[in-house]
Structure formats: C-alpha cells, structure tokens
Amino acid sequence: MTYKEFVARQKAEFIRQYVEDIIYCWVRVDSKNNFRTRTQKTDKDKVSGGLEELEGFNGDDAIVWIGNKNSDNVEKQPELWVKPNSKDEPSLYREAWKKFSRIYGGVDVTELDQIHHLDHLHPETTAAKNKDSYVRLMPIPARSNILVGAVIEKVQAQNDYLTGGFTAYDITLCKVLGLDISFRREISADEIIDTICLELEKVKITTDDELQKALYAWLDFRRKKPK
C-alpha cells in the first residue's frame, strides 16, 4: 500500500460513516469516556470499537480508535484522535500522523498529488476550551481547508454549548472531499455524487446503481434540511 492509498482509505472510511451511519461519524469528543457510548445504528446497545495508545505518545496527546467490523463483516479503518493543537506545540499533529501512518498503514508520509493540510475535522478553537477534548485528524485538500474551514468555525460556534461526541456536518464532508461549496448552493447533485463515488472507488468500494440511488436520496434529504 502507498501513502496515497492510505489517505484515500481514511477519507473513504469517513465518507462511508457519514453516508451510512451519521451517528457514528464523530469528529470530536469531550473526553475518552465519550467513546464508551459510540455505537453503530446496526447495534445501538453495543460499543462499536475500542481505543489504543499510539506508540511513543502520551495518551493525553494522541489515541487511536479501532472500530468493529460492520454488519457486512467489513473492516473499519483506524482513526487518529489528538488533543486540540496549541500554538506552542505545532508538531503534535505532524508527528502523531507520521507515527500513525507507519504503524497502521505501513507507509511513510510522502507528498500527495494535490497539496493537503494535516488538519482537525472539528474546529480546534472550540474544542480546546475543554482540556480533555480530542479531535479527529486527517489530511485535507488545502484549498478546501482554507475556504471551508471558516464556515465550519462559524457553524460550530452556534453549538458550543453541546457536550459529548460530536458528529460531522455536511460542510465537514465538503472539506474532506475537497469541495469548496456547500451542498445547498449551486454545485450540482451529479458533481457531488461523482466526487463521493470517485473517493469510494479509489479504495475499491463498488459504486453500483443501488448505491448511487441511495446517495442521491441522501443528498436530496440533506438539501431539504432547514438552514
């Protein structure tokens, strides 16, 4: 496996969680204890995975979530969770991701075809208010990160009172996919679905007519949600 393939698998796992099981698609927790309540829709009475320490890192700085197989016996990709990065520790994300890639992907970090930023999927400014918080980490296309990041910050600021495990927003998916427009704007449904399917196909997830039909129905539902 190459580093490019490893990153593609990380993105595809996030996409699959978001589309198939949004209650499982977490991007921030207020404490490790929140993971004890992380379940899948197929088995809401059972914790859907477990935590491991990242070799060489204090558990207060970085942890790894290993999800259980889903109902189709499909292995889930591991997830890297880190404490919200403080300005005086700029290397935490980078060093943790390098170690994570080596241990769980068997690859060294290399340059990607498109410039990516190693970034949190939940605004660190909000998460850092709680010293016990962790945010989910992943390489994000740079242009999308710059253009979409500020929108996510504004949206999350409205929900700063919430606690526990935080699920991703539609705009978070835009960020992961490298899109720079909200689902509710002028971007066509075909373009969004094509982008999602392309990411899934990179990791050999079959995007047949049935899946595409489900994606269109999901997107239609999302676009009808109140703003």
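One point on numbering: in this note's numbering, the residue at position 166 of the sequence shown is 199, and numbering is uninterrupted. Where is the CB? At the ideal position from N, CA and C, for every residue including glycine. From a predicted model like this one, the values you see are computed outputs, not experimental measurements.
Exposure label - residue 35; buried when at least 16 CB within 10 Å: exposed
Three or more C-beta pairs below 8 Å linking the region 37–44 and the region 60–69: no
DSSP three-state assignment for residue 233, whether helix, strand or coil: Taken through DSSP and simplified to helix, strand or coil, residue 233 comes out as helix.
Beta-carbon separation (whole angstroms), residue 169 vs residue 145, contact threshold 8 Å: About 19 Å; that fails the 8 Å criterion.
Extent of the continuous alpha helix (DSSP H) to which residue 199 belongs: Element bounds for residue 199: not the alpha helix (DSSP H) but the beta strand (DSSP E), 198–200.
Assigned exposure category for residue 135 - 16 Cβ within 10 Å defines buried: exposed
Status (buried if at least 16 other CB within 10 Å, exposed otherwise) for residue 232: buried
Close-in-space but distant-in-sequence residues of the same chain around residue 172 (CB under 6 Å, 5 per side omitted): 40, 149, 151
Option nearest residue 55 by Cα separation, candidates 247, 116, 199: 199
Residue 86: first and last residue of the uninterrupted beta strand (DSSP E) it sits in: 82–86
Nonlocal neighbours in the same chain, by C-beta distance under 6 Å from residue 235, ignoring five residues either side: The residues are 41.
Rounded distance between the beta-carbons of residue 210 and residue 228, thought under 8 Å: 5 Å
Rounded separation between residue 80 and residue 71 - CA only: Distance from the CA atom of residue 80 to the CA atom of residue 71, rounded to whole angstroms, is 6 Å.
Endpoints, the alpha helix (DSSP H) within which residue 204 is located: Following the DSSP letters along the chain, one finds residue 204 inside the alpha helix (DSSP H) bounded by residues 203–210.
Outcome for residue 178 when other beta-carbon atoms lying within 10 angstroms are tallied against a minimum of 16: buried
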